[in-house]
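Offset between the sequence shown (1-based) and this note's numbering: plus 7. Using N, Cα and C, we set each Cβ at its ideal position, and we do this for glycine too. Bear in mind that the values here come from a model prediction, so they are computed numbers and not experimental data. Each remark here refers to the structure printed beneath this line.
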Amino acid sequence: MARSRNARTALNRLREQRAALDAREAQLREEAAQELGRMLLDCGAETLEAAKLKKLVKQASAMGIDAALERLGASG
């Protein structure tokens, strides 16, 4: 019986840890979004259409940032 209780206790503890990690991830994602937002404003991206900016970032990520910058003729 003790073994079953330990397994249940461990499972409950794991679920609590997972919930705490999920909350921490949400907090960090929000902080990252704020940082990225500031960077976008600093480079004048507020003038771009949101849908097009999203598409640009997705395509650049898919092909690799360095390759995308090279194709755009930008230097690091």
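Inset, instruction - Measure the Cβ-Cβ separation of ALA67 and ALA57 and say whether it is below 7 Å. - result: Numbered from its first residue, the sequence shown carries residue 67 at position 60. Numbered from its first residue, the sequence shown carries residue 57 at position 50. Contact flag unset, no.
Inset, instruction - Could you check what DSSP says for ALA27 in three-state terms: helix, strand or coil? - result: Here residue 27 is taken as the residue at index 20 of the sequence shown, counted from 1. Shown here, ALA27 sits in a helix according to DSSP, grouped into three states.
Legend entry - Whole-angstrom distance between LEU43 and ASP49, CA atom to CA atom: Working through the sequence shown from its first residue, we reach residue 49 at position 42. Working through the sequence shown from its first residue, we reach residue 43 at position 36. Annotation: ASP49 to LEU43 spans about 10 Å, alpha carbon to alpha carbon.
Inset, instruction - Please report the Cβ distance between GLU47 and GLU38, rounded to the nearest whole angstrom; I am assuming they are in contact, meaning their Cβ atoms lie under 8 Å. - result: On the sequence shown, residue 47 is found 40 positions in, with the first residue counted as 1. On the sequence shown, residue 38 is found 31 positions in, with the first residue counted as 1. A small correction: the amino acid at residue 47 is Leu; Glu does not occupy that position in the sequence shown. The pair is not a contact, with the Cβ atoms about 15 Å apart (cut-off 8 Å).
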